[in-house]
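S.K.:
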Amino acid sequence: MSRSDVLVDAEWVEAHLSDPNVVLVEVDEDVSAYDKGHIQGAVRLDWKDELQDAVRRDFVSKSGFEALLSRKGISNDNTVVLYGGNNNWFAAYAYWYFKLYGHNDVKLLDGGRKRWELDSRALTTEVIERPHTAYVATEQDRSIRAFRDDVLAAIGSLNIVDVRSPDEYAGRLLAPAHLPQEQSQRGGHVPTARSIPWSKAANDDGTFRSDDELTSLYEGAGVDLAVDTIAYCRIGERSAHTWFVLHELLGQPNVKNYDGSWTEYGSMVGVPVQLGDAPGSAEGGAA
Amino acid sequence: MCGATTGGLSVEGIDVTTEAIIQGVVVSDAGPIGRAYVRLLDGTGEFTAEVPTSPTGHFRFFAAPGTWTLRVLSPGNESVDRSVAAERGVVAEVEIRV
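For the record, the sequence lines run as chains A and B. For the first sequence, my numbering begins at 1 and goes up steadily by one. For the second sequence, my numbering begins at 1 and goes up steadily by one.
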């Protein structure tokens with residue numbers, strides 16, 4: 001798989017605005033962003049209301065995903081191009097989610113909404129309705145999704161990559177700093193997890209760094225790329241960005257995203273937690 | 001996680017005694033810049049958070065006590081860095097000119 005199979009730039013998108021097989025999908029943390037202006041022809045996907053089960057903490061079921069994509073007018077053979085705000089965090093999350101349910105042809109717009117805006121490219125408020133489809137999903141591909149027991153078993157043996165900011169890793173912040181810090185879970189990180197913030201994989205404008213830069217980033221931070229990797233953050237969206245880098249751009253075969261992430265791990269009773277800037281030992285503890 | 005924070009000077013509804021808030025406005029000679037991007041970098045220069053400015057050019061962060069750098073990206077302008085100190089219980093107000 002090459003970078004052009006999974007990542008497109010603004011010129012590519014502009015050249016395919018009238019391509020009936022290409023579906024642009026905007027996914028934002030701020031779901032009102034789409035209403036203020038989006039790329040021509042793009043449909044909106046609400047990461048919270050549409051991609052999460054309404055009752056328990058989990059994703060929508062296979063049939064729920066099929067109904068959602070059918071309603072959005074997305075077919076199995078469409079090329080889906082995802083983009084969004086927050087440096088594509090939620091677009092990368094949706095990318096991983098589409099892969100989880102077996103959609104083959106999905107790509108990210110490099111730099112997402114920010115790069116598009118910084119280039120002063122056209123946005124519209126016109127909303128289009130796509131004809132409904134009969135989308136068929138596969139069962140979830142569990143080889144790319146980690147659960148809490150996978151993380152506990154990986155402590156001290158597999159690569160665990162904490163992609164939150166250094167202050168969240170150390171326990172000085174409990175959430176990204178654009179959100180209030182009042183949280184119920186404990187601060188800190190999974191013992192032995194390496195701190196490699198998602199942002200190190202991207203330039204200031206949100207585009208991804210080169211493959212060579214990315215490889216040296218992870219190897220330089222002590223990640224053995226021959227060993228399986230679990231990435232996590234707070235709710236699994238920033239770690240989907242890193243999953244995209246490791247699995248899709250660098251072609252690492254065994255990389256899982258732990259979508260429970262710190263809001264689950266930091267709330268569990270009796271599991272080891274490490275405070276401070278160092279990975280720590282398997283038992284965890286104060287810095 | 002709810003919707004992204006859009007900036008604003010009102011701290012109504014926020015318990016400012018428990019937060020170390022950094023907020024302000026991005027302006028140019030032509031007035032406030034909406035849809036600029038403000039990045040919050042920690043003491044080592046590492047990214048911590050980012051928000052787009054509101055239509056009135058405002059932004060807000062909930063930081064930890066310490067010294068931070070704000071970096072502003074906006075269409076057609078060079079990026080601008082600005083140092084700011086945050087303290088719990090204090091709202092640090094910053095105007096950044098690009």
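Heads up, the beta-carbon is just placed ideally off N, CA and C, and yes, glycines get one too.
So that I know if they touch, is there some Cβ in chain A lying closer than 7 Å to that of Leu-70/B?
M.R.: Not one chain A Cβ lies under 7 Å of Leu-70/B.
S.K.: Any beta-carbon of chain B closer than 7 Å to the one on Asp-277/A?
M.R.: No, Asp-277/A lies away from the interface with chain B (no Cβ there is under 7 Å from its Cβ).
S.K.: In terms of residue numbering, what span does the alpha helix (DSSP H) encompassing Val-13/A cover?
M.R.: 10–15 is the span of the alpha helix (DSSP H), which, as asked, contains Val-13/A.
S.K.: Give me the Cα-Cα distance between Thr-125/A and Gln-40/A, rounded to the nearest whole angstrom.
M.R.: Their Cα atoms are separated by approximately 8 Å.
S.K.: Run the CB neighbour count on Gly-3/B, radius 10 Å, all protein chains shown included, and call it buried at 16 or more, exposed below.
M.R.: Here Gly-3/B scores only 35 on pLDDT, less than 50, and its place in the model is too uncertain to base an answer on.
S.K.: Under 7 Å, Cβ to Cβ, is there at least one residue of chain B near Ser-165/A?
M.R.: So, interface residue.
S.K.: Indicate whether at least one CB of chain A lies closer than 7 Å to the CB of Ala-64/B.
M.R.: Yes, Ala-64/B counts as interfacial toward chain A.
S.K.: Measuring CA to CA, which of Trp-243/A, Trp-198/A and Gly-284/A is closest to Asp-228/A?
M.R.: Among Trp-243/A, Trp-198/A and Gly-284/A, the Cα nearest to that of Asp-228/A belongs to Trp-243/A.
S.K.: Against chain A, with Cβ distances strictly below 7 Å, would Ala-85/B count as a contact?
M.R.: No, because no Cβ of chain A sits closer than 7 Å to the Cβ of Ala-85/B.
S.K.: Taking 7 Å as the limit between beta carbons, can you name the residues of its chain near Tyr-135/A, skipping five residues before and five after?
M.R.: The residues are Glu-66, Leu-69, Ser-70, Ile-74, Ser-75 and Asn-76.
S.K.: In the DSSP output, which residue or residues are listed as bridge partners for Glu-237/A?
M.R.: Answer by DSSP bridge pairing: none, since Glu-237/A is not bridged.
S.K.: If Thr-69/B sits next to Arg-88/B, beta carbons under 8 Å apart, how far is it from one beta carbon to the other, in whole angstroms?
M.R.: 19 Å between Cβ atoms; not a contact.
S.K.: Using a Cβ-Cβ cut-off of 7 Å (strictly less than) and excluding sequence neighbours within five positions of Asn-257/A, which residues of its own chain qualify?
M.R.: Counting only Cβ-Cβ distances below 7 Å, and skipping sequence neighbours, we find Trp-96, Ile-144, Arg-145, Ala-146, Ala-231, Gly-236, Ser-239, Ala-240 and Trp-243.
S.K.: For Arg-130/A, is the beta carbon positioned less than 6 Å from some heavy atom of the ligand SAM?
M.R.: Absence of the ligand SAM from the depicted structure is noted, as is the absence of any ligand whatsoever, leaving it without description.
S.K.: Report all residues from its chain with a CB closer than 6 Å to the CB of Glu-19/B; omit the five preceding and five following residues, and keep chain order.
M.R.: Only Phe-62 meet the Cβ criterion.
S.K.: In terms of DSSP beta bridges, what is Pro-20/A paired with?
M.R.: According to DSSP, which records beta bridges pairwise, Pro-20/A is partnered with nothing at all.
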